[in-house]
Every structure is written in structure tokens, then in C-alpha cells.
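Protein chains in written order, with this note's numbering: chain A, 1 to 189; chain B, 190 to 650. All C-beta atoms, glycine included, are put in the ideal place defined by N, C-alpha and C. Encoded as C-alpha cells, the structure appears first; notes follow it.
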Amino acid sequence: MLVLARSPYITNQRVTRNQPVQFSHKHHVGDDGIDCRYCHTSVETSAYAGIPPTRTCMNCHSVLFNNVGYLEIVRDSYRTDESIHWVRVHRLADYVFFNHSIHVNKGIGCSTCHGPVNQMPLVYQVAPLNMGWCLDCHRNPQANLRPKDQIFNMDWKAPANQEEVGRQLATEYKLRTTAELTSCSTCHR
Amino acid sequence: MSATPNLRMGQEPEPWIEPGHSYASVTDKISSAVLTRPVGIGWLAGFALTFSIVMVLFLAVAYLFAKGVGIWGINIPIGWGFAIVNFVWWIGIGHAGTLISAILYLLNQKWRTSINRFAEAMTLFAVACAGLFPLLHTGRPWMAYYMLPYPSTMGIWPQFRSPLIWDVFAVSTYATVSLVFWFIGLIPDLATLRDRAKKKWQQMIFGMLSMGWRGSARHWHRYQSAYLLLAGLATPLVLSVHTVVSFDFAVGIVPGWHTTIFPPYFVAGAIYSGFAMVLTLAIPMRAAYGMQDFITRRHLEQCAKVMLATGLIVAYGYFFEFFLSFYSGNKFDLFLTHQRLHGPYAPYYYALLLCNILTPQLLWIRKVRRNIAALFVISLVINTGMWLERFVIVVISLTRDFMPSAWGRYSATVWDYATLAGTLGLFTMLIFLFVRGLPAIAISEMRELVHQESHGNGGHQ
């Protein structure tokens, strides 16, 4: 039971989802080098990272690959103003108040939770997203803190002296105490 | 088994079993209640009545699950109310069973023999009723497993510094040990029933339950070692469970709760109410099943003496609660005492003193101790009194906290009463099933008693 509760069968880790459009993060992020924030515009300012409107796609695809068949859905969406129905990959329970902006602004990089998105043709969930996993970091955030300029770096690896750097960054970011970070009402309001 | 010393000097002790019984007559008499006796109208009526009360319990619980704990009278500041009152009361009632079966066994008290089996059953049923209340009181019983420490994916553990978690361990250990003890004690009797049963299905059920008992010397040897060990295991539980329950209060800083006298006085109170419940059950049962030969007047008198002794300890506890509030000079404690005597719930306090302190003083009189009707009434009074005690502790303290702004009033709703009555019905229904389904008196131990009585005290072993 205890093993099963932690298995990908329950947590949905590493399960790829079929999307209406064959959108590849590997291609757009890994090959083209587009910054996360180009599409997920509200990640620094809002609870939700934001799913881009079709117009964002058309910024490029009105010119590039503007005839290929598999982008017909995108063009159709643009013409009819009907959103593309993307399939959600990361789902937290309703009683968890997760906020992207606080994490991004306090030194937690995208890939810490979302994994190497630049290598994913179809996005899948890397982290178990269970409460124990959240608390692992809330109890010891220093292990994952990055400098401001590394937040959106998909290839960031913790340096050898992360322990020390993490402590400095925690002071610099004015991180709350562990007691506050692990208080029930921090996430369950 | 060694002898029980006769404490009444210069007087021939009454036997613990009426004379003229043989091994066979004991076995016949006890097993007939399960195997041969037809289902009587009295039993059917009693069962039907209690079963319908259990339906009331189901209704109350179903409505509770649908609406939440708001249907009860609890609110801030009185968050505990009936649920905790009833929990503590039921848990306390269970204690007599464990005391009789474990401590009296270790002390070689022969009079435990004819009452231990159903007292243990009473313990189990009382614990089952008690266990319901905290679960219902959580309001989300499906989350009750949060109280168990297991490596969850949430990465959190129960608050081990909270006495409420200690309660989970205390009560679950108590329930488990009591169940195992009861079952081990039943095995030889289950084998007797298996051998005597005429119907195939009875033979099969008792056959499975008796776990291959053949009554060989080796079986008996191991059985007795196991029984002795379990008695040793259960003995500390008699003291620990209600001690931990009292910590629920004593560890809190609420006036009237934060006192070191709570553990001993809770344990004494538990045994007090437990013996009262033993009498409440034994008196009708021995009449209905003609067991007067086995559960003699002397047994009832013995229970009455235990009640008198524990009742005096409880009275001592009340007195010292009262005294210490003055002696401490703590104005909150003083105020609480004042509220007990003159506050809105003062009638409960006076009723409690009447039921728990004054009434049992009648038991000093031998005539009263040997008057079965009087004992039955007194046992009911004491059970009521012990319930009132928990009500006084829970409600008066919570309604009269430190700050007047935190004061409040409590009144139970019809659902509170329905749940309390429902558990009484559940308890009685289980007792009804028990007396027809299993030997209510330990057959093997009674046979031993017959041997001892006929060979003189201490003749055995």
C-alpha cells in the first residue's frame, strides 16, 4: 500500500498526455531556445503560470509552417476565436493554494518541479506532487534555491557549495522560517 | 490455584457456587443457554427493542455524516460536549471487565470466575461504544486514519505531544488486548460447545473458533501460560487507559482540568462505574437464565464492596479538587468551584454528589449489599452519577474559561441524546447477542471451581 501510494501508477508521474496539437516543448524550448515566459507570461506575477492564447502561437506561425496540416487546429482556433483545449498535465488538489509567482520570485526554478521540459516532446509530470514532496522542500528550501538569473535555466544544476549558497540566498530572498513555511495554512487556507 | 483466605473470621464462608453441582451440571447449565434453550419471548422482545434503538443510532449517525457536527449542541467555547462525556463514560465502564479478568486473576480471587466472561464482553462492547464517539466527533470520520502514525505521502505525522494521540494508542491497545484475552479465555469453552452442539452449523462455527482445542495436558499447559501472560499484559492497562484519558483534561490548562489528581481519580471512577455496570447486567442475567447458583449473592456483595471502596476514592478526589481550589488561591480555580456550586450547571453538580458520594454510603450496610433489588437501583444511580461527573468536568470548565468573553452555555440537542441512547441500545443489543451466542460464564473455570469447592480450599494443585 505504502509503495503503491508512491508509485507512478497513483502519482501519474511520467505519463504523457495526448494534446490536440502535437506541440513539442523539446522543439520550442530546447531547439529554438524560447524563454518560458514568452508563452507562460504570468508566471512571475500570478498564481497561474498562464496558458498562452492562440495569438501567441500565431506570432510565429502566421509566417512559419503556415501551410502544414497539423497546425490547422491552431489556425482554425485563431479564425474562430475558439481556444485550443489543451490537456492539463499538472493537477494539484483543490484544497492546495499553490502560487507560481512566490516560488519563482523566491528562487525556485521551473525545472526544480517541472523537470527538463526542454527535453520533453510531450510534457509529462516529473515530481510526485504529493504533500510529502512539497514539504521536503518547504522544510529545507536551501537545497533548491537558485540565483535570480538561473530561474528559467532548464539545465541548472546545484553547485557543489549549494548548502552555503542556499543559505545566503535564503537570507537575500528573505525566506520565511521553516515553521511558517510548513504551517498548515500556508498552503491550505 | 491456591486458597483464597477467608477474611470474615470465625464464620464459615459462603461457597462461591451453590452446593450440589458437578462438572456435568455446570457444563449443562451454562451451555444450554447457547445450544438447547429455545429463544424466549423475553429475549426476543429485548432484542427487538434494543435493535430498534440501534436503528436510532444509525439514523443519528447518518444525519450527522450528512450535516456535520453542527447538529450537536457543541459550539465554541464548548467544543467537546456529549461526545467526549460519553466517550469517557463508556471507556470507564469497560475497566471493571479488565480488572476482574486480569488483576483479580493475578491475585487468585476465586469470585472472579463466574463473572469474568461477561464482564470482559461488557468491556469490549463498552470500548466499541466509546470508540465511536471520538470518531463521530471529528466530524470527518473518514479522515480518522490521520491519527495513526504511518509513513504517509503527506510527509506529516500525528502530533505526538498531544494527549489526544496518546488516547488513540491507549484505547486501541486496550481494545486489542481485551479482545485477545477474552478470546483466549473462550477457547476451551468453545471446544466444549463444539463437542456438545447437535447441529452441523453450530459444530462448524464453534469448531473453527475453538482452533483445534482437544483439551490435552499440553494444551492446558500452554493455555494457562498464555492466559497468565495476557493477564500480566492487561493489568497495567487497567491503570493506564483511564490515566491517559484523564490526560486529555489534565494536560490542558483549563480551570478544573489542570490538576494532578485526575489520573488516580479517573481510574477509581472508571472501576467504580464498571462494577456498577457489572451489577446492572449481572442481576437481570442471573434471573433470566437461572444462574443464581453460579452468580451468588456473595458475588454481588463482593462487587458492592469494590464499588464502595472505589466510590470512596472518587469522593476523596472530589474533596481534594474542592480543597485544592481554595488551597491554591488561584482565582480561576476558585471561580470554577464557585460556578460548580452556584453556576448555571450547579444542579448537575449536586446530582453528581448525591449519586456518587451519598448513595453508595448505603453499601456500608450488609443488608443493602445483600438486597438484590437495592443493588440494582444503586448500580443504576452510580452509572448516572459517573456520567454526570464527566458532564460536570467537560461542560462547566469549558463554559467558564479564564475570560468572561470566552464564556458560553451548552445544551445538548435531540441528536446528542439520540446518539447517547443509541450507544446504550447498541451495548445492550450486543449483550443480548452475547448471552445467546457464547457461554456467558466460563465453563472450564467453573468446573475448576467445583473441584476446588468439593476438595476444600487449596485442595487443587
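Cβ-heavy atom distance, Thr342(B) to the ligand ATP, below 8 angstroms: Summarising the ligand content, the structure contains no ligands, and the ligand ATP is consequently not present.
Under 9 angstroms Cβ-Cβ, which residues of chain A neighbour Pro340(B)? Here residue 340(B) refers to the residue found at position 151 of the second sequence. Residues of chain A passing the Cβ test: Leu2, Gly132.
Determine, using beta carbons only, whether Pro8(A) comes closer than 9 angstroms to chain B. Translated into positions along the first sequence, residue 8(A) becomes position 8. Answer no: the Cβ-Cβ gap between Pro8(A) and chain B never drops below 9 angstroms.
In the DSSP output, which residue or residues are listed as bridge partners for Arg67(A)? What you label residue 67(A) is simply residue 67 of the first sequence in a count that begins at 1. Note on identity: in this sequence residue 67(A) is Asn, with Arg being the wrong assignment. According to DSSP, Asn67(A) bridges with nothing at all.
Residues near Gly283(B) in its chain [Cβ-Cβ closer than 6 angstroms; skip 5 each side]: Here residue 283(B) refers to the residue found at position 94 when the second sequence is read from its first residue. Within the same chain, Gly283(B) has close Cβ partners Thr312, Ala315, Val316.
C-beta neighbour in chain A for Met343(B), strict 9 angstroms: Counting from one through the second sequence, the residue named residue 343(B) turns up at place 154. Met343(B) belongs to the set of residues whose beta carbon lies under 9 angstroms from a beta carbon in chain A.
Which whole-angstrom value is the C-beta distance of Glu44(A) and Val126(A), which I expect to be below 8 angstroms? Position 44 of the first sequence, counted from the first residue, corresponds to residue 44(A). Position 126 of the first sequence, counted from the first residue, corresponds to residue 126(A). No, Glu44(A) and Val126(A) are not in contact; Cβ-Cβ is about 21 angstroms, not under 8 angstroms.
Step through the CB atoms of chain B and report whether any lies within less than 9 angstroms of the CB of Asp136(A). Taking the first sequence and counting its residues from 1, the one referred to as residue 136(A) is at position 136. Judged by the 9 angstroms Cβ criterion, Asp136(A) is in contact with chain B.
Strictly under 9 angstroms for the Cβ-Cβ distance: is Pro141(A) near chain B by that measure? Here residue 141(A) is taken as the residue at index 141 of the first sequence, counted from 1. Interface flag for Pro141(A) against chain B is unset, since no Cβ pair is found closer than 9 angstroms.
Please report whether the beta-carbon of Met635(B) lies at a distance below 9 angstroms from any beta-carbon of chain C. Looking at the structure shown, chain C is missing, and the protein chains on hand are A and B.
Name the chain B residues that come within less than 9 angstroms of Ala278(A), Cβ to Cβ? Because chain A is modelled from 1 through 189, residue 278(A) falls outside the range shown and cannot be assessed.
I'd like to know whether the C-beta of Pro191(A) is nearer than 9 angstroms to at least one C-beta of chain B. The requested residue 191(A) is not part of the displayed model; chain A covers only 1 to 189.
Is His128(A) close to chain B? Criterion is C-beta to C-beta, closer than 9 angstroms. As a position in the first sequence, residue 128(A) is number 128, starting the count at 1. In the sequence as displayed, the identity of residue 128(A) is Pro instead of His. Contact with chain B is found for Pro128(A), since one of that chain's Cβ atoms lies less than 9 angstroms from the residue's Cβ.
Buried or exposed by the 16-neighbour rule on C-beta atoms within 10 Å, applied to Ile119(A): On the first sequence, position 119 is the one that residue 119(A) refers to. It is worth fixing the name first, because residue 119(A) is Gln in this sequence and not Ile. Here Gln119(A) is exposed. Its C-beta has fewer than 16 other C-beta atoms within 10 Å.
Alpha carbon to alpha carbon, how far is Tyr334(B) from Met1(A)? Give it in angstroms, no decimals. The count along the first sequence starts at 1 and reaches residue 1(A) at position 1. The count along the second sequence starts at 1 and reaches residue 334(B) at position 145. Near 14 angstroms, if we compare the C-alpha coordinates of Tyr334(B) and Met1(A).
Classification of Ile345(B) by the beta-carbon crowding that lies within 10 angstroms, buried from 16 upward: Translated into the one-based positions of the second sequence, residue 345(B) becomes position 156. Ile345(B) is exposed by the Cβ-count criterion.
For Ser514(B), which residues of its own chain have a beta-carbon under 6 angstroms away from its beta-carbon, when the five flanking residues on both sides are left out? Walking along the second sequence from the start, residue 514(B) turns up at place 325. Excluding sequence neighbours, Ser514(B) sits near Asp522, Leu523, Thr526.
If we require 4 or more residues per run, which alpha helix (DSSP H) segments fall completely within the stretch 449-478 of chain B? Runs found: 451-477.
Rounded to whole angstroms, what is the Cα-Cα separation between Trp86(A) and Thr171(A)? Taking the first sequence and counting its residues from 1, one reaches residue 86(A) at position 86. Taking the first sequence and counting its residues from 1, one reaches residue 171(A) at position 171. Those two C-alpha atoms are separated by around 39 angstroms.
Run through DSSP, which three-state label would Asn130(A) get? Numbered from its first residue, the first sequence carries residue 130(A) at position 130. Residue state, collapsed to three classes: coil.
Which listed residue (Arg146(A), His28(A), Asp136(A), Arg79(A)) has its alpha carbon closest to that of Ala160(A): Position 160 of the first sequence, counted from the start, is the residue given in the question as residue 160(A). Taking only the C-alpha atoms, the option nearest Ala160(A) is Arg146(A).
How about the stretch 375-389 of chain B and the stretch 451-466 of chain B: do they share at least three Cβ pairs that are nearer than 8 angstroms? By the Cβ criterion, the stretch 375-389 of chain B is not in contact with the stretch 451-466 of chain B, since fewer than three pairs of Cβ atoms, one from each stretch, lie closer than 8 angstroms.
Here's the rule: buried if 16 or more other CB atoms are within 10 angstroms of the residue's CB, otherwise exposed. What is Cys184(A)? Numbered from 1 along the first sequence, position 184 holds the residue referred to as residue 184(A). Label assigned to Cys184(A): exposed.
Given Tyr70(A), which residues of its chain have a CB within under 6 angstroms of its CB, disregarding the five upstream and five downstream residues? Here residue 70(A) is taken as the residue at index 70 of the first sequence, counted from 1. For Tyr70(A), the CB contacts under 6 angstroms within the same chain, skipping 5 residues up- and downstream, are Gln22 in chain order.
Across the stretch 163-180 of chain A and the stretch 102-117 of chain A, are there enough close Cβ pairs to call them in contact, namely three or more that are closer than 8 angstroms? Because the criterion of three Cβ pairs below 8 angstroms is met, the stretch 163-180 of chain A and the stretch 102-117 of chain A touch.
Got a sec: is the Cβ-Cβ distance from Glu634(B) to anything in chain A below 9 angstroms? Sequence index remark: in the second sequence, residue 634(B) carries index 445 (1-based). Closer than 9 angstroms: no.
Based on the DSSP output, what are the partners of Leu426(B) in its beta bridges? Counting from 1 along the second sequence, the entry for residue 426(B) is found at position 237. As computed with DSSP, Leu426(B) is found in no beta bridge at all.
Buried or exposed: which applies to Phe254(B), given that a residue is buried once 16 or more other Cβ atoms fall within 10 Å of its Cβ? The count along the second sequence starts at 1 and reaches residue 254(B) at position 65. By the 10 Å Cβ count, Phe254(B) comes out exposed.
Is the beta carbon of Gln491(B) closer than 9 angstroms to that of Trp300(B)? As a working mapping, residue 300(B) is identified with position 111 in the second sequence. As a working mapping, residue 491(B) is identified with position 302 in the second sequence. At a Cβ-Cβ threshold of 9 angstroms, Trp300(B) and Gln491(B) count as neighbours.
What residue does the alpha helix (DSSP H) around Ser220(B) start on, and which one ends it? Sequence index remark: in the second sequence, residue 220(B) carries index 31 (1-based). Note, Ser220(B): alpha helix (DSSP H), 212-224.
How big is the Cα-Cα spacing for Thr56(A) and Cys39(A)? Residue 56(A) sits at position 56 when you count from the first residue of the first sequence. Residue 39(A) sits at position 39 when you count from the first residue of the first sequence. Between Thr56(A) and Cys39(A), the C-alpha separation is close to 7 angstroms.
Own chain partners of Pro473(B) with C-beta closer than 7 angstroms, once the 5 adjacent residues on each side are dropped: As a position in the second sequence, residue 473(B) is number 284, starting the count at 1. Answer for Pro473(B): no residue qualifies.
Indicate whether Ile630(B) and Ser303(B) have their beta-carbon atoms separated by less than 9 angstroms. On the second sequence, position 441 is the one that residue 630(B) refers to. On the second sequence, position 114 is the one that residue 303(B) refers to. Ile630(B) places its beta carbon less than 9 angstroms from that of Ser303(B).
When we look at the beta-carbon of Met496(B) and count the other beta-carbons within 10 Å, is it buried (16 or more) or exposed? Along the second sequence, read from residue 1 onward, the residue named residue 496(B) stands at position 307. Buried, since its Cβ has 16 or more Cβ neighbours within 10 Å.
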